[in-house]
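Heads up, the thing below is written out as structure tokens.
Numbering (the working numbering), first residue to last: 2 to 184.
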């Protein structure tokens with residue numbers, strides 16, 4: 002928990018280092034859908050991301066994401082993740098449109114709850130349902146395709162496709178619609 006708090010504080014303090022009028026930093030917010038596992042849990046997700054443009058081709062980024070699902074093989078599932086990615090813009094990131102390919106490291110805390118037993122009364126009335134929670138942490142990689150369009154030199158709109166395989170066998174893949182602002 003203390004590492005998560007430290008990561009959030011670090012992520013949201015980065016814009017303080019940006020100089021007035023600098024176009025090297027931007028902050029992005031995304032929302033979308035992902036699937037945990039091989040489509041086992043369909044999650045609604047949120048993500049906050051801070052980017053720093055190193056040059057016309059490379060941009061490192063820090064992101065924090067949260068996803069939650071109530072549909073799939075488990076009764077519920079949720080995750081909190083932190084990502085460090087490096088993006089490559091093959092057509093440069095200096096124009097209105099920025100298509101980029103990214104890869105990086107991801108750390109995740111996943112929690113899911115599954116139904117382990119049910120006692121039925123008369124008919125289909127459930128009298129007692131017993132659930133078992135499982136919490137696990139893992140690390141893995143991120144692979145990303147992203148396209149962003151700049152509106153009036155300050156506002157950003159775009160989408161992101163991603164997949165994140167983890168060392169414990171979990172996988173998270175999805176799509177986000179994103180908006181942002183240059184700081």
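Just so you know, even glycine gets a beta-carbon here, dropped at the ideal spot from N, CA and C.
Of the listed residues the options, nearest to residue i (C-alpha basis)
i, options, result
"residue 104", "162, 73, 98", "162"
"residue 150", "142, 144, 159", "159"
"residue 73", "44, 119, 125, 156", "44"
"residue 118", "110, 128, 47", "128"
"residue 75", "55, 116, 100", "116"
"residue 137", "171, 175, 153, 29", "171"
"residue 49", "55, 141, 135, 31", "31"
"residue 56", "142, 143, 89, 135", "89"
CA-to-CA distance, residue j to residue i, given in whole angstroms
i, j, result
"residue 173", "residue 131", "27 Å"
"residue 184", "residue 85", "19 Å"
"residue 18", "residue 62", "For residue 18, the predicted structure reports a pLDDT of 49, less than 50, and the residue's modelled location is therefore unreliable. A value from the coordinates is still provided. Their backbone Cα atoms lie some 15 Å apart in a straight line."
"residue 168", "residue 124", "44 Å"
"residue 139", "residue 71", "22 Å"
"residue 111", "residue 182", "30 Å"
"residue 52", "residue 42", "29 Å"
"residue 121", "residue 68", "32 Å"
"residue 133", "residue 60", "42 Å"
"residue 147", "residue 33", "14 Å"
"residue 156", "residue 35", "25 Å"
"residue 180", "residue 100", "15 Å"
"residue 66", "residue 135", "20 Å"
Helix, strand or coil at residue i [DSSP, three-state]
i, result
"residue 157", "strand"
"residue 179", "strand"
"residue 27", "strand"
"residue 18", "For residue 18, the predicted structure reports a pLDDT of 49, less than 50, and the residue's modelled location is therefore unreliable. A value from the coordinates is still provided. If DSSP states are grouped into helix, strand and coil, residue 18 belongs with the helices."
Residues sharing a beta bridge with residue i, DSSP
i, result
"residue 116", "132"
"residue 33", "46, 177"
Chain D within 9 Å of residue i, Cβ atoms only
i, result
"residue 97", "Judged by its chain identifiers, the structure shown contains no chain D, having just a single protein chain."
>> At 3 residues or longer, what runs of the beta strand (DSSP E) sit wholly inside the region 38-111?
In response: 42-53, 59-70, 77-89
> What residue ranges within the region 127-171 form continuous beta strand (DSSP E) runs of no fewer than 3 residues, ordered along the chain?
Replying inline: 127-152, 156-166
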